[in-house]
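If you read the sequence shown in the working numbering, its first letter stands for residue 11, the second for the next number, and so on.
For glycine and all other residues, C-beta sits at the position ideal for the given N, C-alpha and C.
For reference, the structure is listed below as C-alpha cells.
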Amino acid sequence: RAGEPDRWETRPCTWCHGSGRRSCSSCNGSGQVTCHQCHGVGRLKAFILLTIEWKNNIGQHVADHSELPPALVAAAKGSTVFEFSAPRLPAISFFQEAGVNQGSSRLIAEHAQSFSRSRVLRQRHFVKQVPVTRVTYNYSGTAHTFWMFGDERMIHAPDYPSQCCWGCEIM
11 RAGEPDRWET RPCTWCHGSG RRSCSSCNGS GQVTCHQCHG VGRLKAFILL
61 TIEWKNNIGQ HVADHSELPP ALVAAAKGST VFEFSAPRLP AISFFQEAGV
111 NQGSSRLIAE HAQSFSRSRV LRQRHFVKQV PVTRVTYNYS GTAHTFWMFG
161 DERMIHAPDY PSQCCWGCEI M
C-alpha cells in the first residue's frame, strides 16, 4: 500500500500478550474473546518512523553608515561581491570595510553558540553591495533628506514635507 514502509516488523501483541485472546470484560473474565488489537493473530505490525528536519539558520549584518533603517537595506536588491560556502566557515577578515569583517566574526560566533547542539552541514557567507544615495533638498526654506537605495531605486523619505499633495505619492 502507498505510504507504508517497505519493511514491517512484527511484535507480540501487548493487549493479549501474543495469545490472540483476551478475558471477556462483559462477563467479568469468565470467558475468552478475540483480541480487538491483533484480531486474534497474536502479533502486531510495527515500524520505526524516522523524521528528519532540515533547517536553514540565517543571520545577517548590515554594514551601513547611512541613517537608512538596516531592514530596508537588507531587503533591497544589490550585487553580490563575495560568496563562499564550506562545512565550517572562518570569519571574513580581508574586506576593506571593517564593518563586514566585524559582522562576519560576530555572526560566526553567534551561530557557533546558538547552534552548538545542531549538526551543521554547510555554512555560507554572502556579501551583497546595495547602492545607497542620500539626497538633501530644500522645500519652503527647510532642509529635508531622502534616500534612494537598491538596484530597484526605492525611496525612503521619512520627513517628506507634503504628505497629501493632491493625491501624489513618493514610492
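Residue i (DSSP reduced to helix, strand or coil)
i, result
"ASN148", "strand"
"ALA153", "strand"
"GLU19", "strand"
"GLN70", "coil"
"ALA96", "strand"
"ILE165", "strand"
"THR143", "strand"
"SER89", "strand"
"ARG53", "strand"
"PHE105", "coil"
Residue i to residue j span [Cα, whole Å]
i, j, result
"GLY41", "PHE57", "33 angstroms"
"ALA96", "GLU162", "31 angstroms"
"HIS49", "LEU59", "23 angstroms"
"MET164", "SER128", "38 angstroms"
"SER89", "VAL110", "15 angstroms"
"ASN148", "TRP157", "15 angstroms"
"GLY177", "ALA167", "Confidence is the limiting factor: at GLY177 the pLDDT is only 47, short of 50, which leaves the residue's position unreliable, though a coordinate-based value still follows. Distance between the alpha carbons of GLY177 and ALA167: 16 angstroms."
"SER103", "ILE62", "35 angstroms"
"ALA86", "GLU77", "15 angstroms"
"VAL130", "HIS71", "20 angstroms"
"PHE105", "LEU117", "15 angstroms"
Residue span of the alpha helix (DSSP H) that contains residue i, given as start and end
i, result
"ARG8", "Residue 8 lies beyond the range of the chain shown here (11 to 181); nothing can be said about it."
"ALA81", "80-85"
Limits of the unbroken beta strand (DSSP E) element including residue i
i, result
"SER59", "Residue identity differs from the one stated: residue 59 is Leu in this sequence, not Ser. Unbroken run through LEU59: none, as it is neither H nor E."
"VAL43", "42-44"
"GLN133", "133-139"
"SER33", "31-33"
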